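In the UniProt record's numbering, the protein residues as written are 1 to 236. Just so it is clear, CB atoms sit at the ideal spot from N, CA and C, and this is done for glycine as well. Quick caveat: nothing in here was measured; it's all calculated off a predicted structure.
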């Protein structure tokens with residue numbers, strides 16, 4: 001029993017502080033509020049769930065991507081030259097609209113991520129927790145989730161992004177943009193895969209928001225809004 005407690009405390013300290021500060025952390029752990037390994041795992045799950053729910057809510061609204069510089073979807077390299085060419089021939093408004101509708105499609109589709117994330121979090125195991133706990137990376141939980149869900153998200157997002165591109169009119173706008181660009185003398189015609197690009201960028205932006213929440217919970221007492229989060233993260 002004593003050995004199990006010691007191992008639990010060691011993993012907890014590594015999770016919150018990193019190896020370099022392990023000894024100092026052990027000295028400062030409150031002995032009157034023991035935290036079990038199960039509670040630590042549940043605390044990690046809860047922190048991730050909060051990150052997902054908040055991240056999806058922030059992004060799944062108008063301008064959720066478009067007006068947030070941290071996650072705003074910009075044009076891929078292939079389309080930057082298209083954008084520049086259109087502006088040179090007086091079609092800046094069309095270029096602006098083209099960028100906006102890519103972000104609108106992501107905003108419309110991102111709600112699909114929530115059930116995929118929650119399902120992955122429910123499958124969180126003790127071994128998964130230990131891998132996170134021994135990491136000195138303050139985004140370890142988010143990166144775990146990224147490794148476990150990216151493929152599923154891509155599979156779920158791709159058709160939804162395609163539908164969203166159609167829904168917000170991005171397909172027609174970009175067909176017009178590409179057609180106009182391709183008629184400019186001496187330019188090399190382009191035919192980008194917008195669905196794949198927006199899918200990848202939308203997923204990347206979502207993980208940014210989940211990571212922000214993880215860091216907030218780690219570093220801010222006020223962000224620990226449940227008794228479980230307060231108990232687990234009080235070990236800091």
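Item to complete: Please work out which residues of its chain come closer than 8 angstroms, Cβ to Cβ, to residue 92, disregarding the five sequence neighbours upstream and downstream, and give them in chain order.
Response: In the chain shown, the residue the question calls residue 92 occupies position 92. If we look at residue 92 and ignore the five residues flanking it on each side, its Cβ neighbours are 86.
Fill in: Buried versus exposed, by CB contacts within 10 Å (16 or more), residue 217
Your numbering for residue 217 matches position 217 in the chain shown. Residue 217 should be labelled buried.
Discussion item. Quick check on this structure: which residue in 159, 126 and 113 has the alpha carbon closest to the alpha carbon of residue 44?
Written reply: Your numbering for residue 44 matches position 44 in the chain shown. Cα-wise, what sits closest to residue 44 is 126.
Practice prompt. Assuming residue 177 contacts residue 98 (C-beta within less than 8 angstroms), just tell me the rounded distance between them.
Written response: Locating residue 177 in the chain shown gives position 177, where the first residue counts as 1. Locating residue 98 in the chain shown gives position 98, where the first residue counts as 1. Going by Cβ atoms, the distance from residue 177 to residue 98 rounds to 5 angstroms, so yes, they are a contact pair.
Fill in: residue 167 - containing alpha helix (DSSP H), residue span
The count along the chain shown starts at 1 and reaches residue 167 at position 167. Unbroken alpha helix (DSSP H) run through residue 167: 140-167.
Fill in: Local conformation of residue 137 per DSSP, three classes
Start at 1 with the first residue of the chain shown, and residue 137 comes out as number 137. DSSP places residue 137 in the coil class of the three-state scheme, outside both helix and strand.
Practice prompt. Drop a sphere of 10 angstroms on the beta-carbon of residue 227, count the other beta-carbons inside from all chains shown, and report buried for 16 or more, exposed for fewer.
Written response: For the purposes of this step, residue 227 is identified with residue 227 of the chain shown, where counting begins at 1. In this structure residue 227 is exposed. Its beta-carbon is surrounded by fewer than 16 other beta-carbon atoms within 10 angstroms.
Worksheet item: Relative to the alpha-carbon of residue 169, which residue among 56, 41, 100 and 88 has its alpha-carbon at the smallest distance?
Response: As a working note, residue 169 is residue 169 in the chain shown. Looking at the Cα atoms, 100 is the closest of the given residues.
Worksheet item: residue 47 and residue 229 look like a contact to me (Cβ under 8 angstroms); what is the Cβ gap, rounded to whole Å?
Response: Here the question's residue 47 lines up with position 47 in the chain shown. Here the question's residue 229 lines up with position 229 in the chain shown. The Cβ separation is near 7 angstroms, so the contact holds.
Worksheet item: Can you name, in chain order, every residue of its own chain whose Cβ lies under 6 angstroms from the Cβ of residue 103, other than the five neighbours on each side?
Response: Position 103 of the chain shown, counting from 1, holds the residue named residue 103. 65, 66 and 73.
Worksheet item: If we ignore side chains and look at the alpha-carbon of each, how far apart do residue 141 and residue 35 end up?
Response: As a working note, residue 141 is residue 141 in the chain shown. As a working note, residue 35 is residue 35 in the chain shown. Residue 141 and residue 35: Cα-Cα distance of roughly 19 angstroms.
Worksheet item: Leaving out the 5 sequence neighbours to the left and right, which residues in its chain are closer than 7 angstroms to residue 108 when beta-carbon positions are compared?
Response: Locating residue 108 in the chain shown gives position 108, counting from the first residue. Excluding positions up to five away in sequence, the list reads 164, 167 and 168.
Worksheet entry | Spatial neighbours of residue 158 in its chain, beta-carbon cut-off 8 angstroms, leaving aside the 5 residues before and after | To locate residue 158, count along the chain shown from 1; it is residue 158. Apart from the 5 residues on each side of it in sequence, residue 158 sits with its Cβ closer than 8 angstroms to the Cβ of 195, 196 and 199 in its chain, given in chain order.
Worksheet item: So, helix, strand or coil for residue 199, using DSSP?
Response: For the purposes of this step, residue 199 is taken as the residue at position 199 of the chain shown. Three-state DSSP puts residue 199 in a helix.
Worksheet item: In angstroms, rounded to a whole number, what distance separates the CA positions of residue 234 and residue 128?
Response: Against the chain shown, residue 234 aligns to sequence position 234. Against the chain shown, residue 128 aligns to sequence position 128. Between the alpha carbons of residue 234 and residue 128 lies a gap of roughly 22 angstroms.
Worksheet entry | Assigned exposure category for residue 153 - 16 Cβ within 10 Å defines buried | Taking the first residue of the chain shown as 1, we reach residue 153 at position 153. Taking all protein chains in view, the Cβ of residue 153 is crowded by 16 or more other Cβ atoms within 10 Å, so the residue is classified as buried.
Item to complete: Have a look at residue 76 and residue 145 and give me their C-alpha separation to the nearest angstrom.
Response: As a working mapping, residue 76 is identified with position 76 in the chain shown. As a working mapping, residue 145 is identified with position 145 in the chain shown. Their backbone Cα atoms lie some 26 angstroms apart in a straight line.
Practice prompt. Would you mind listing the alpha helix (DSSP H) stretches within the stretch 34-62 that are 4+ residues and don't spill past its ends, in chain order?
Written response: Fully enclosed alpha helix (DSSP H) runs of 4 or longer: 37-59.
Worksheet item: Do the CB positions of residue 184 and residue 105 come within less than 8 angstroms of each other?
Response: Numbered from its first residue, the chain shown carries residue 184 at position 184. Numbered from its first residue, the chain shown carries residue 105 at position 105. No.
Discussion item. Just to confirm my understanding: we take residue 58, look at its own chain, exclude 5 residues before and 5 after, and list those with CB closer than 7 angstroms. What are they?
Written reply: Stepping through the chain shown from its first residue, residue 58 is reached at position 58. 64 and 209.
Worksheet item: For residue 241, which three-state DSSP category applies?
Response: Only positions 1 to 236 of the chain appear in this structure, which leaves residue 241 out of reach.
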